[in-house]
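In the UniProt record's numbering, the protein residues as written are 25 to 190. Ideal Cβ positions, reconstructed from N, Cα and C, are used throughout, including at glycine. These numbers come from a predicted model, not from an experiment. Report on one structure; see the data block that follows.
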Ligand code: S3P
């Protein structure tokens, strides 16, 4: 079903390693609008996320994130949010006015994707991922216009399904 809201910004939410960045980029290319990854914007403006967490703490990271996300949600673009951005009440209010695609994923599929060690919240590996996802799952569900599970299909097939939905 088509969203009963303007199509843009078209926003991807979901847990870490669900494929938000890669699917968002593919969808933006197909729809011919800019792609904004809020984590990448934070890195460009403020440096590596791991360093921000280590040097200034998560609260500081969330404050930077809130600003970057608020700006991104005013753009005619496809926007992929960091997994924890949806916890902010102002961001939640903004998202109520956006088309929101929730990308869900199983722990099994994530186990294959995780790597690189750039995510400070995942020092405990998959157990941390599960705990954090379980806390946030109701928020993702409440904000979603539609959900796609990314566990069993290649990311380009999911991107096609999202485009078909729009
Ligand atoms: C976070 C997710 C990360 C990044 C930061 C914190 C989270 O984004 O914003 O490491 O709290 O879930 P991805 O969802 O793109 O990994």
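DSSP bridge partner residues for residue 187 (one or two, in chain order): The partner list for residue 187 (beta bridge, DSSP) is empty, contrary to what the question assumes.
Endpoints, the alpha helix (DSSP H) within which residue 77 is located: 73-80
Sub-9 Å separation of residue 111 and residue 35 beta-carbons: Between residue 111 and residue 35, the CB-CB gap reaches or exceeds 9 Å.
Beta-carbon spacing of residue 37, residue 167 below 9 Å: yes
Minimum C-alpha distance to residue 124 - residue among 130, 131, 115, 153: 115
Residues near residue 62 in its chain [Cβ-Cβ closer than 8 Å; skip 5 each side]: 89, 92, 93, 96, 103, 104, 105, 106, 109
Assigned exposure category for residue 43 - 16 Cβ within 10 Å defines buried: When all chains shown are included, residue 43 counts as buried.
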